[in-house]
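Comments concern the structure below.
Numbering (my numbering), first residue to last: 13 to 100.
Below you can see the structure in the form of C-alpha coordinates.
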(Lines of atoms letter the chains of each structure in order from A and count residues from 1; the text may use other names and numbers.)
(Lines give C-alpha, C1' and ligand atoms only; values in the text may rest on other atoms or scores of the structure.)
Protein backbone atom coordinates (compact mmCIF):
# COMPACT_ATOMS: atom_id res chain seq x y z
CA UNK A 1 0.00 0.00 0.00
CA UNK A 2 2.87 2.38 0.80
CA UNK A 3 4.35 1.83 -2.63
CA UNK A 4 1.01 2.28 -4.36
CA UNK A 5 0.46 5.65 -2.69
CA UNK A 6 4.04 6.77 -3.32
CA UNK A 7 3.71 5.83 -7.00
CA UNK A 8 0.41 7.75 -7.22
CA UNK A 9 2.05 10.83 -5.72
CA UNK A 10 4.96 10.53 -8.13
CA UNK A 11 2.83 9.99 -11.23
CA UNK A 12 0.23 12.66 -10.45
CA UNK A 13 2.52 15.16 -8.68
CA UNK A 14 -0.30 15.52 -6.18
CA UNK A 15 0.18 15.10 -2.43
CA UNK A 16 -3.42 16.00 -1.57
CA UNK A 17 -5.04 13.50 0.76
CA UNK A 18 -8.39 13.91 -0.97
CA UNK A 19 -6.89 13.42 -4.45
CA UNK A 20 -5.03 10.29 -3.37
CA UNK A 21 -8.14 8.98 -1.62
CA UNK A 22 -10.26 9.53 -4.69
CA UNK A 23 -7.65 8.25 -7.14
CA UNK A 24 -6.99 5.03 -5.24
CA UNK A 25 -10.47 4.60 -3.77
CA UNK A 26 -9.18 4.49 -0.20
CA UNK A 27 -10.50 6.28 2.91
CA UNK A 28 -8.87 9.63 3.73
CA UNK A 29 -7.86 8.64 7.30
CA UNK A 30 -5.93 5.71 5.82
CA UNK A 31 -4.17 8.05 3.38
CA UNK A 32 -3.21 10.44 6.20
CA UNK A 33 -1.82 7.53 8.21
CA UNK A 34 0.20 6.23 5.28
CA UNK A 35 1.50 9.71 4.44
CA UNK A 36 2.73 9.98 8.05
CA UNK A 37 4.47 6.63 7.66
CA UNK A 38 6.07 7.78 4.40
CA UNK A 39 7.38 10.88 6.19
CA UNK A 40 8.72 8.80 9.09
CA UNK A 41 10.41 6.42 6.66
CA UNK A 42 12.05 9.34 4.85
CA UNK A 43 10.26 8.80 1.51
CA UNK A 44 8.43 12.14 1.44
CA UNK A 45 8.98 15.39 3.30
CA UNK A 46 7.21 18.63 4.03
CA UNK A 47 8.89 21.87 3.06
CA UNK A 48 7.29 24.50 5.25
CA UNK A 49 7.48 28.15 4.33
CA UNK A 50 10.16 29.99 6.31
CA UNK A 51 11.93 33.31 6.02
CA UNK A 52 15.22 31.49 5.29
CA UNK A 53 13.81 29.81 2.19
CA UNK A 54 11.36 32.51 1.15
CA UNK A 55 13.40 33.69 -1.84
CA UNK A 56 13.65 30.16 -3.24
CA UNK A 57 10.21 28.66 -2.72
CA UNK A 58 6.83 28.91 -4.40
CA UNK A 59 4.86 29.72 -1.24
CA UNK A 60 3.63 32.95 -2.78
CA UNK A 61 4.80 35.28 -0.04
CA UNK A 62 7.28 37.13 -2.24
CA UNK A 63 9.73 39.71 -1.00
CA UNK A 64 7.40 41.06 1.70
CA UNK A 65 8.36 38.14 3.97
CA UNK A 66 4.76 37.78 5.13
CA UNK A 67 4.73 34.00 5.34
CA UNK A 68 1.46 32.47 4.23
CA UNK A 69 1.71 29.12 5.98
CA UNK A 70 1.74 27.14 2.73
CA UNK A 71 3.28 23.71 2.82
CA UNK A 72 5.01 22.09 -0.10
CA UNK A 73 5.82 18.41 -0.31
CA UNK A 74 8.49 16.54 -2.17
CA UNK A 75 9.52 12.96 -2.72
CA UNK A 76 13.00 12.44 -1.32
CA UNK A 77 15.85 10.68 -3.10
CA UNK A 78 15.15 7.67 -0.88
CA UNK A 79 11.51 7.75 -1.99
CA UNK A 80 12.47 7.94 -5.66
CA UNK A 81 14.83 4.97 -5.25
CA UNK A 82 12.02 3.00 -3.63
CA UNK A 83 9.69 3.84 -6.54
CA UNK A 84 12.35 2.64 -8.99
CA UNK A 85 12.76 -0.64 -7.11
CA UNK A 86 9.03 -1.39 -7.15
CA UNK A 87 8.69 -0.58 -10.82
CA UNK A 88 7.39 2.98 -10.82
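C-beta: ideal position from N, C-alpha, C; glycine also. On a predicted model such as this, the values are computed, not experimentally measured, just so you know.
With residue 29 as the anchor, note down where its alpha helix (DSSP H) starts and where it stops.
29–36
Excluding the 5 residues flanking residue 90 on each side, which residues of the same chain have their C-beta closer than 7 Å to its C-beta?
54 and 55
Nearest residue (CA-CA) to residue 85, options 37, 28, 13 and 43
28
Can you give me the Cβ contacts of residue 15 inside the same chain, cut-off strictly under 8 Å, excluding the 5 residues immediately before and after it?
94, 95, 98 and 100
For the alpha helix (DSSP H) containing residue 42, name the first residue and the last one.
40–52
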